[in-house]
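Beneath this line is the structure, given in structure tokens, with notes to follow.
There are 2 protein chains.
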Amino acid sequence: MMERGPAMKKRSVRGSKSGRPIMVLLDLLGRRWSLRILWQLREGPLTSRALRDACDGASPTVLQARLSELRQAGFVELIRSSGYGLTAIGRELLETFLPLHRFAERWRKQRKD
Amino acid sequence: MMERGPAMKKRSVRGSKSGRPIMVLLDLLGRRWSLRILWQLREGPLTSRALRDACDGASPTVLQARLSELRQAGFVELIRSSGYGLTAIGRELLETFLPLHRFAERWRKQRKD
DNA sequence: CACTATGCTACGTTATTTGTAGCGAGACAA
DNA sequence: TTGTCTCGCTACAAATAACGTAGCATAGTG
Chain A
1 MMERGPAMKK RSVRGSKSGR PIMVLLDLLG RRWSLRILWQ LREGPLTSRA LRDACDGASP
61 TVLQARLSEL RQAGFVELIR SSGYGLTAIG RELLETFLPL HRFAERWRKQ RKD
Chain B
1001 MMERGPAMKK RSVRGSKSGR PIMVLLDLLG RRWSLRILWQ LREGPLTSRA LRDACDGASP
1061 TVLQARLSEL RQAGFVELIR SSGYGLTAIG RELLETFLPL HRFAERWRKQ RKD
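Encoded structure:
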């Protein structure tokens, strides 16, 4: 087993062992609030606190963690004047998810029956 | 605070407080292995153990939990002869995510630069 | 019967999330 | 300068979720 002294940064235990981009991506997006953050930024940048409110008051700890990951992945950037916003590739990613909105409605209708 | 005796099924603490379908969906999909499970079932049903192998050996505890949730949501079903498979609406959901594969490749190329 | 595979659960350990509080930096006014 | 905003971000203990290993009951097959 691996020792972890206090000075040692916690190595991410998660993630695809294969390293295939799709798996890395699915792992990143499959963390609490990741999808939601991208979703909430779809209409424009938000400050960290506005984002927090938009995410049902999720704790700042996770939000910062997710924002760091999403920034490192290149999907989100911090602009001093306006807060957190999607990058070009981040917007591309979001567009991949946009049909989800329509799907969610269809899904709900089916569930009612 | 709500008491939770052993006979009481754990009420989900998570999820969108708004109850909007898109939020419920984003929360469900934003749990560990949810996206991955749907992804691994894209080419056909898998038995629980095959699915486990396909998911880098994720623990059966979470897999069962996610499978229960995904079944309850109507995305996955258990077929006695072939294991876990996507339902019709589950396949629709997956198709929403399929462009993600191509995106992941584009993403990787950009990251290399 | 023994053997194998299925779906699923128990349980102790580890990792992640939560909730609350607060820091330091910068902007702006008195 | 002092006060008071807001900003991004962090600390820390408690709660929750996930991990890893082992194993159960059932069903099929030989």
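Protein chains in written order, with my numbering: chain A, 1 to 113; chain B, 1001 to 1113. Glycine included, C-beta positions come from ideal geometry on N, C-alpha and C. Source: prediction; values computed, not measured.
How far does the beta strand (DSSP E) with E1077 of chain B in it extend, from its first residue to its last?
Numbered from its first residue, the second sequence carries residue 1077 of chain B at position 77. Segment V1076 to I1079, the beta strand (DSSP E) holding E1077 of chain B.
Any idea if R111 of chain A is buried or exposed, counting beta-carbon neighbours within 10 angstroms, 16 or more meaning buried?
Counting from one through the first sequence, the residue named residue 111 of chain A turns up at place 111. By the 10 Å Cβ count, R111 of chain A comes out exposed.
Under 8 Å between C-beta atoms, does P1021 of chain B make it to chain A?
Your numbering for residue 1021 of chain B matches position 21 in the second sequence. Between P1021 of chain B and chain A, the shortest Cβ-Cβ separation is below 8 Å.
Leaving out five residues on either side along the sequence, give the residues of the same chain with a beta carbon under 7 Å from the beta carbon of S1036 of chain B.
Reading the second sequence from its first residue, position 36 is the one you call residue 1036 of chain B. The sequence given here places Arg at residue 1036 of chain B; Ser does not occur at that position. Once the five neighbours on either side are set aside, the close Cβ partners of R1036 of chain B are C1055.
Report buried or exposed for T61 of chain A, applying the criterion of at least 16 other Cβ atoms within 10 angstroms of its Cβ.
Reading the first sequence from its first residue, position 61 is the one you call residue 61 of chain A. It is exposed - the Cβ of T61 of chain A has fewer than 16 other Cβ atoms within 10 Å.
Is G85 of chain A close to chain B? Criterion is C-beta to C-beta, closer than 8 Å.
Along the first sequence, read from residue 1 onward, the residue named residue 85 of chain A stands at position 85. No, because no Cβ of chain B sits closer than 8 Å to the Cβ of G85 of chain A.
Between the Cα of S1081 of chain B and the Cα atoms of B:G1074, B:A1065, B:E1105 and B:P1045, which residue gives the shortest distance?
Counting from 1 along the second sequence, the entry for residue 1081 of chain B is found at position 81. When each option's Cα is compared against that of S1081 of chain B, the closest is B:P1045.
Could you give the DSSP three-state label for L41 of chain A: helix, strand or coil?
What you label residue 41 of chain A is simply residue 41 of the first sequence in a count that begins at 1. Coil at L41 of chain A, not helix or strand.
On the three-pair Cβ rule with 8 Å, is the region 14-34 of chain A touching the region 66-76 of chain A?
yes
Short check: CB of E92 of chain A to CB of P1021 of chain B, under 8 Å?
As a working note, residue 92 of chain A is residue 92 in the first sequence. As a working note, residue 1021 of chain B is residue 21 in the second sequence. Going by C-beta atoms, E92 of chain A is not nearer than 8 Å to P1021 of chain B.
What does the alpha-carbon distance come out to for the pair S1048 of chain B and L25 of chain A?
Numbered from its first residue, the second sequence carries residue 1048 of chain B at position 48. Numbered from its first residue, the first sequence carries residue 25 of chain A at position 25. For S1048 of chain B and L25 of chain A, the distance between alpha carbons rounds to 23 Å.
Is there a C-beta anywhere in chain B that falls below 8 Å from the one on P60 of chain A?
Translated into the one-based positions of the first sequence, residue 60 of chain A becomes position 60. Output row for P60 of chain A: interface = no.
Determine the burial state of G1090 of chain B: buried for a count of at least 16 other Cβ atoms within 10 Å of its Cβ, exposed for fewer.
Residue 1090 of chain B sits at position 90 when you count from the first residue of the second sequence. Buried, since its Cβ has 16 or more Cβ neighbours within 10 Å.
At 4 residues or longer, and completely inside the region 79-110 of chain A: list those alpha helix (DSSP H) runs for me, N to C.
88-97
Taking 8 Å as the limit between beta carbons, can you name the residues of its chain near W39 of chain A, skipping five residues before and five after?
Looking up residue 39 of chain A in the first sequence gives position 39. Around W39 of chain A: L94 and F97.
When the cut-off is 8 Å and only beta carbons count, does S34 of chain A lie next to chain B?
In the first sequence, residue 34 of chain A corresponds to position 34, counting from 1. Taking Cβ atoms only, chain B reaches closer than 8 Å to S34 of chain A, which makes this a yes.
What does L29 of chain A reach in chain B if we use C-beta pairs closer than 7 Å?
Counted from its first residue, the first sequence places residue 29 of chain A at position 29. Ordered by position in chain B, the residues that pass the 7 Å Cβ test against L29 of chain A are L1035.
What span of residues does the alpha helix (DSSP H) with A1058 of chain B cover, start to end?
Taking the first residue of the second sequence as 1, we reach residue 1058 of chain B at position 58. Premise fails: A1058 of chain B is in no alpha helix (DSSP H) and is neither H nor E.
Which residues in the same chain have their Cβ closer than 8 Å to the Cβ of I1079 of chain B, if we skip the five residues on either side of it in sequence?
Residue numbering aside, residue 1079 of chain B sits at position 79 when the second sequence is read from its first letter. Excluding residues within five positions, the ones whose Cβ falls inside 8 Å are P1045 and G1085.
Answer with yes or no whether the minimum CB distance from L26 of chain A to chain B is below 8 Å.
Reading the first sequence from its first residue, position 26 is the one you call residue 26 of chain A. At least one beta carbon of chain B lies nearer than 8 Å to the beta carbon of L26 of chain A.
Does the distance from the C-beta atom of G1083 of chain B to that of A1050 of chain B stay below 8 Å?
Taking the first residue of the second sequence as position 1, residue 1083 of chain B is located at position 83. Taking the first residue of the second sequence as position 1, residue 1050 of chain B is located at position 50. Contact flag set, yes.
If the cut is a Cβ gap below 9 Å, which residues of chain A does G1074 of chain B touch?
Reading the second sequence from its first residue, position 74 is the one you call residue 1074 of chain B. Under the 9 Å cutoff, chain A gives W107, Q110 and R111.
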